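Trainee: In our numbering, the protein residues as written are 1327 to 1541.
Right, dumping it as structure tokens:
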């Protein structure tokens, strides 16, 4: 059935206010068709209609909004459009899940958390790639001919963000989230006891940061 016919049928049993909103939803759908858009999702139609004083997305989704949805569906079927907003396919499976969240505020927060997590993982991978420090734990005897020992300074010129990255890398929260732990020798191990970072890794970072506490 043509959308115009459905509109007239629905208006026949509606009050004046609802007739006005039905006309508005119908007009918005017509405009979508005329501009060549296939998007007849409730979210899009409601957003445009509400800007013109029409019903909100929540009102249309409610039981009382069935008539509005009927018009939107009729236009979608008449024009070959879609009633669900087409989302961009993401290569990241976690981002794909986040993009399915309807609430834009919650979606934004979750996306920020994911971005922060990915940033942290990149920093940890960088640390792994450059963790070439060897800590000699053996006791050395002091002889009459003492060897000259050169004390190398801590990494100079670290920025605040680099210091924060190092601090987070051995924080209790990050280790717990990854299923890792730090033993008394500064070694990082996973929940199965497999060594992730060698002996002295955490203690070396603490010395660089000038603190002996984790977190």
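For every residue, glycine included, the Cβ atom is placed at its ideal position computed from N, Cα and C. All of these numbers come straight from a predicted model, not from anything done at the bench.
1) Tell me the DSSP secondary structure of residue 1334 in three-state form.
2) Figure out for me which residue from 1440, 1342 and 1360 has the closest Cα to the Cα of residue 1404.
3) Since residue 1333 contacts residue 1397 with CB under 8 Å, what's their CB separation in whole angstroms?
4) From residue 1346 to residue 1368, what does the alpha carbon distance come to, in whole angstroms?
5) Name the DSSP bridge partner or partners of residue 1507?
6) What separation, rounded to the nearest whole angstrom, lies between the Cα atoms of residue 1487 and residue 1503?
7) Thinking C-beta only, is residue 1374 closer than 8 Å to residue 1354?
8) Taking just the CA atoms, how far does residue 1378 sit from residue 1356?
9) Note down the Cα distance separating residue 1531 from residue 1424, rounded to an integer number of angstroms.
10) For the stretch 1341-1391, list the alpha helix (DSSP H) runs that are entirely contained and at least 4 residues long, ordered along the chain.
11) Between the Cα of residue 1494 and those of 1402, 1443, 1358 and 1327, spot the shortest distance and give me the residue it belongs to.
12) From the DSSP secondary-structure annotation, give me the bridge partner or partners of residue 1523.
13) Please work out which residues of its chain come closer than 8 Å, Cβ to Cβ, to residue 1509, disregarding the five sequence neighbours upstream and downstream, and give them in chain order.
14) Taking 7 Å as the limit between beta carbons, can you name the residues of its chain near residue 1381, skipping five residues before and five after?
15) Taking DSSP as the reference, what is the three-state secondary structure of residue 1466?
16) Who are the near neighbours of residue 1477 in its chain, counting only those whose CB is closer than 6 Å to its CB and skipping five residues on each side?
17) Cutting at 7 Å between CB atoms, please list the residues of its own chain near residue 1491, excluding the five before and the five after it.
18) Thinking C-beta only, is residue 1407 closer than 8 Å to residue 1349?
Mentor: From the atom records:
1) helix
2) 1360
3) 6 Å
4) 18 Å
5) 1515
6) 21 Å
7) yes
8) 15 Å
9) 34 Å
10) 1342-1360, 1368-1377 and 1383-1387
11) 1443
12) 1514
13) 1515
14) 1347, 1372, 1375, 1391 and 1394
15) Per-residue confidence for residue 1466 stands at a pLDDT of 47, beneath the threshold of 50, marking its modelled position as unreliable; the derived number appears in the next sentence. Coil at residue 1466, not helix or strand.
16) Because the pLDDT of residue 1477 is 42, which lies under 50, any placement of that residue in the model is unreliable, and the question is left without a value.
17) 1449
18) no
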